[in-house]
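Residue numbers (numbering that gives the first Met the number 0), protein chains in the order written: chain Y, 0 to 226; chain U, 0 to 1004; chain D, 0 to 96.
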Amino acid sequence: MPKQGFQPFMESPLHHFKLDAEAQARRADGRIWCNELPHLGYAVLRGDTAEAGFAQLVQQVTGLALPLQAGAVSQGPQGVLMWTSPDEWLLVSHRQRLADWTAQLDGGFAAQQLFAQTVDSSGGLTLAWLGGTEHITVLRHLGVYDFESIPLGHMVSTVLGKATVQVIRLDGDGVFVLFRRSFADYVWRLLRRAAQPYGFAVCQLEARGDHPLFAQLAAPRPSLILA
Amino acid sequence: MSGYRIHRPGERINRQKPVSFQFDNVQYKAFSGDTLASALLANGVRLIGRSFKYGRPRGIVGFGAEEPNALIQLETGAHTVPDLKATQVELYQGLLAGSTTGYPSLDFDLKGLLGKFGRFMPPGFYYKTFMEPVKAWPVYEKYIRKAAGYGHAPVLPDPESYDHLHHHIDVLVVGGGAAGLWAATLAGRAGLKTLLVDEQAEMGGWLLTERRSRIDGLSGMDWVSQRLAELASLPNVSVLPRTTAFALHDLNLVQAVELLQDHLPLTERNAALPRQRLHKIRAHQVILASGAIERPLVFGYNDVPGVMTAAAGHSYLNRYGVAVGREVLVQTQNDAAYEAALDLAQCGVKVMLADARQGGAAAWRQQALKSAGVELLLGHGIAKVLGDKSVSGAQLVKLDGRNNQVVGSGPRLSVDTVLSSGGLTSTVHLFCHNGGRPVWNQQQLSFVCPDEGRDNIACVGAITGRWELSEALGQTHAAVAALLLGHGRGSSGNAPSVASEEVAAPRAIFRLPDGKPEGHGAKAFVDYQNDVAAADIHTAIRENYRSIEHVKRYTALGFGTDQGKLSNINGFAIAAEALGKPIAEVGTTTYRPSYTPVTFGALAGPHVGETFDVRRYTAMHASHDARKAEYEVVGQWLRPWYFPKPGEDLHAAVNRECLATRNSVGVMDASTLGKIDVKGPDAREFLNRIYSNAWSKLDPGKCRYGLMLDENGMVMDDGVTACLADDHFHMTTTTGGAARVYSWLERWHQTEWPELKVRFTTTTDHWATVAVVGPDSRQVLQKLCTDIDFDKDAFKFMDGRSGTVAGLPARVFRISFSGELAYEINVDANYGRYMWEEVMKAGAAFNITPYGTETMHVLRAEKGFIIVGQDTDGSMSPNDLAMSWAVGMKKPFSFLGKRSLLRSHTAGDGRKQLVGLLPLDPKVVLAEGAQILSNTDDTVPAAMQGHVTSSYHSAFLGRSIAMAVLKDGSKREGDTVFVWAHGKSVPAQVVSSVFVDKEGVRQHA
Amino acid sequence: MLVITCPYCQEAREEEEFSYAGEAYIARPAVPEEADDATWGDYVFHRKNPRGWHWEQWQHVAGCRKVFAVKRHTVTYEIAGSWTLADGKALYLKEQA
Ligand SMILES: [Zn+2]
């Protein structure tokens, strides 16, 4: 039927900046380097840690331990699981894997009659990576949080300018800034503006197998996404 | 020519770097390191401005933030900055400045003539003179405004940028003088994250001027260099010059503005860097070392150009190599001014010193002056200064030793400059910004900060009234060591050693008497910037203003851009004398931010231009751009307003869009609607409580329109909620209400019904929504989707289905905000634009027409559908909106707002209710917001019956329609009312608010 | 700007991250229909507005989105503490007793 006639395409929230066209290999030149990690899969995970079986199921399906400490981030080769609230987490992975995981999780929750759920947010969120020696300073230009104090392996949900964002710090190299699709244009312009005194450049981001987030940049498999 | 250059060892100017600049269209030469003030003085320029009220000639009085007179306009065009203090403007090559006052010219000022009749302009002059008649005030105001004020604000966009920087630190030290440098050194050595800020380009404070003291055996500036080198070596310490801490807020939040490029020529400024940076500093501990400012004495004609503070004369000499005059009279009541006299005399200036004290300064100081050839006049005060545009002399009187009275005449001296010192005033501003009160110190004759500071704020040095360097450093060391101990840290090193010197007590005198009753002698100015004289304060007291806050407001004392740094204590003292009270009892006025003026640019920082506010875009925005949409801002969203074809205006486009939608098919981006995922075993019960209508019987696959009331029973939001599964719902809210409703659900759940097992997750941004609307919409959907049965009986109005649309998983709801057959397709927003384009392709055969918010408004108004916030205003109950059908009064739980619907007021008569209006002339579109009257009698005040909430031309009906809220409207169908707007009364008939398809045939098609 | 500790994020955060959510521990009448107009009106409209210590609710809207209780002094802005709604209620009731 008409299905084969359709050729769906995705556009990430920062698509209109055509970042790939200006992306260059990153250099250690004091500038701020930044780019979007487009088309990742995101799901909000809700559950009650007091319910037996919840954390186990999450671990079993995703291979990620459920983080229980405020702001903690569980990392694995297939993605990250972040604490965002005592009964809420955010799962980030490759789109297709995330779709598989959420199906398994919701199936498991139903089977075990757990008060738990996943909510697909893949269309509503995006991530930008921000690196360079002054990357924390750029955040300090825009937000009141003490960004220097974020421990590695943690995230914080706070405000940059007039937008709520999550800042994820996995290593000293840079941070990931997570924000909503409709705020993406604003947040990007804000970051670009704040980075200007140091020099701002868009860098190439490549899939890196050993990294919990860069690994998820592997090209999506369209046939599966449409399933 | 009065001022001139003189070489001084240790001067802070660079003679190797001459710079030229322009003031009032005249070229001058000076040196790098000069301020505009020192450069003007060096060039013999004295007349800098005209006074605010009387147009009196004025010159430079101070040398820093305290300057009241020398307000200048810097640069021109887009770069112009008004009312900078010449004393704070760092000179650069090519600097362009001008005076801000004087009309038609600075030299001949018309207002100056008015000034000659000064005694006829008492405080409250404007209130008293221009009270009547009230209607004439705008005329008066026009001229008063023209005559008043100083510089002019730029009218061109600011070409420079500004940013903000947030700090979270252990210790903030405000002030880079001796005390501040030592405090920062101790905090830095203890390993604390420390920030030191100072408003000047160079650290050192008073040590930049005062050259005799030795600290730890070093000259003052060598010791400063040693401190700065040590601080630079500590990675935990930052030092920011040119940074003014201008406000202290609760919990030690300090705001400071750093001038990053103001000292550079315009052509050398780096466009990538901000001109100024606003620092927002949270410090566990604030150490205030902001020092003190010398105040002048108050005496007759103390405002003639050439009268300055002694500290200013001293600083221009030692810092900038500028002697301010050739024959100088120093008038003092304390020892410190002797230093200025001594340094000037040693440079060959002819100096005389009048001391209000009979005994004068400590003997060693008097001896030093005499040796330097200074003539000493003990027990003397200036009665009045001679000269008009420049000092030519001074008339002295002999003073009584105890009372502030004249006991005899004194000499008439021929001098070109007068320096006066009324003692120091501690810079207590920041300490007082959030409620701290200074205390009066009768020995030091100043309001000072208490030694103990307050919670997490320490005060060190001259701010506590320690004028002598040895005492200031001793107290600093002790105070900082104590606070370090409190933080569990030790302090290393001993207090810096400074020899202490014998000092004679100052005399408690502020206004030098001239032997005449106040108001009868020469005008003696207290506040130069606002032309407040001693006599004005007496007048205020005589007119029974008792509180110093009222005296301030009546006389304008301390209101200027200098915030009374020179005038406050003198003003308080004169008020105290007039009131017959001690100064401590009179107290101070309230110190408020900002310490010195701050540019709007710095305050706005990055929140300008494209980052001024959040602009939210839907995933389909590029498609709308390609189709030349005009936009409107809804909440923060940018939504297509209408899609004009070439040559179309708003009305033509909307008429076309409306007709196309009603006759074939239209398409709208509905992505901005708020969407909330509601799930859990108690989801249904929660909806029953939060919505006014019933949700118990809504089956999966069905949608329902819901009304949300606040506890007062008034409509706060509405939207369609779909049941996805027994325990799972897809809620939609209004575009503008999304965040509010989301919080509303969370708050009721968390605060009132935490036992309900339900969770809310926002999905607004996840789903992109395409609304396909009109009789042909079914055929469009059928071209895109094969796994959903679109048959009218299989997929009914208010049904929802999941399926595959254009090859993508989608949620499709058959809901309608237009009264037409319509579907809303929801897909992952990454595919939003793809879906929009596929719908356009599939609809091409039906002339599918994209439409925006304006057409949406017309279509829904034709059906009488409300828009919350437009047709409601927080005082409309469901009954007022004729929506009682959406209220489930039989639901077991008392849903939000239910009880309020029964209150006498909510249930009673006389409420405004929603109606439709048809203007009798179908071509007339009523004005939204227009008031409704029962008749044509427009006698003021008219009995207002309600107002028009929505009004449009309906192309479908070929006439105008409107919605309105009208008193008892539900009972007034058929009445004729009169809608009053723009001076006209337009008759309209009250009708049902459903104008199109009252039976609902179309949406059920 | 206040600095408020979120009992869930267990960290002191700037006021900018929070949204004020009104007076805490206002009891909604259990059976609203049985409350007379005066009682109901009092519940809907009247607030304590004290000069001094005040129990109030804040929501960590930019963070965990939880609503919690804060005891704050309306004159000095001093914050005595913040608690989960349940923990704070016990303290609040003890104070009222
Ligand atoms: Zn929190």
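By construction, the Cβ of each residue, glycine as well, lies at the ideal position given by its N, Cα and C atoms.
Source: prediction; values computed, not measured.
Note down, in chain order, each residue of its chain lying with its Cβ closer than 7 Å to the Cβ of residue i, except the 5 sequence neighbours on either side.
i	result
P1(Y)	Unreliable positioning characterises P1(Y) in this predicted model, as indicated by a pLDDT of 45, which lies under 50. The coordinate reading is nonetheless provided below. Excluding sequence neighbours, P1(Y) sits near nothing in its chain.
L468(U)	A177, S212, V497
E13(D)	M0, V2
G400(U)	Q357, G378
What is the rounded straight-line gap between the Cα of residue i and the Cα of residue j?
i	j	result
R1031(U)	M154(Y)	It is not possible to answer for residue 1031(U), since the shown part of chain U is limited to 0 through 1004.
V447(U)	Q749(U)	50 Å
G75(Y)	G608(U)	41 Å
L159(Y)	A738(U)	18 Å
R898(U)	D36(D)	9 Å
C702(U)	S815(U)	11 Å
Q165(Y)	F175(Y)	8 Å
L225(Y)	E35(Y)	Because L225(Y) sits at a pLDDT of 47, beneath the cut-off of 50, its placement in the model cannot be relied upon, and the following sentence gives the value as read from the coordinates. Each residue's alpha carbon lies about 23 Å from the other.
L46(U)	W979(U)	60 Å
H620(U)	F8(Y)	15 Å
Y3(U)	R411(U)	25 Å
Q95(Y)	G40(Y)	7 Å
A1014(U)	R614(U)	This structure gives no information on residue 1014(U), because the portion of chain U shown stretches from 0 to 1004.
N711(U)	G887(U)	16 Å
D86(D)	E629(U)	53 Å
S408(U)	D415(U)	21 Å
W22(Y)	F642(U)	The residue asked about is misnamed: residue 22(Y) is Ala in this sequence, not Trp. Approximately 35 Å, taken between the alpha carbons.
W439(U)	A583(U)	5 Å
E293(U)	Q441(U)	16 Å
I135(Y)	A271(U)	19 Å
Could you name the residues of the same chain whose beta carbon sits closer than 8 Å to that of residue i, not counting the 5 residues immediately before and after it, in chain order?
i	result
H765(U)	K674, D827, A828
P66(Y)	V72, S73, L80, M81, W82, W88
L901(U)	none
E22(D)	R46, K47, H53, W54, E55, Q56
S222(Y)	Interpretation of S222(Y) is limited by its pLDDT of 45, a score under 50 that renders its predicted location unreliable; the figure taken from the coordinates is listed afterwards. Counting only Cβ-Cβ distances below 8 Å, and skipping sequence neighbours, we find nothing.
K795(U)	R813, H1003
How about residue i: is its C-beta nearer than 8 Å to some C-beta of chain U?
i	result
Q56(D)	yes
G208(Y)	no
P6(D)	no
S18(D)	yes
R192(Y)	yes
P31(D)	yes
G123(Y)	yes
M81(Y)	no
Take residue i and list the residues in its own chain whose beta-carbon comes closer than 6 Å to its own, dropping the five residues that flank it on each side.
i	result
A954(U)	N654, C657, L658
G4(Y)	none
Consider the Cβ of residue i: report whether some Cβ of chain Y lies at a distance smaller than 8 Å.
i	result
K70(D)	no
A738(U)	no
G773(U)	no
How about residue i: is its C-beta nearer than 8 Å to some C-beta of chain D?
i	result
R902(U)	yes
E89(U)	no
G117(Y)	Residue 117(Y) is actually Thr in this sequence, not Gly. False, the Cβ-Cβ gap to chain D never drops below 8 Å.
T732(U)	no
Starting from the N-terminal end, write out each residue whose C-beta falls within a distance shorter than 6 Å of any non-hydrogen atom of ligand 1. C5(D), Y7(D), C8(D), H59(D), G62(D), C63(D), K65(D)
Quick check on the DSSP output: what are the complete alpha helix (DSSP H) runs of length 4 or more inside the segment 167-225 of chain U, in order along the chain? 177-188
Uninterrupted alpha helix (DSSP H) stretches inside the segment 559-632 of chain U (no shorter than 4 residues): 567-578, 582-585, 599-603, 620-625
Extract the residue ranges of the alpha helix (DSSP H) inside the segment 282-344 of chain U, only unbroken runs of 4 or more that lie entirely within it. 309-319
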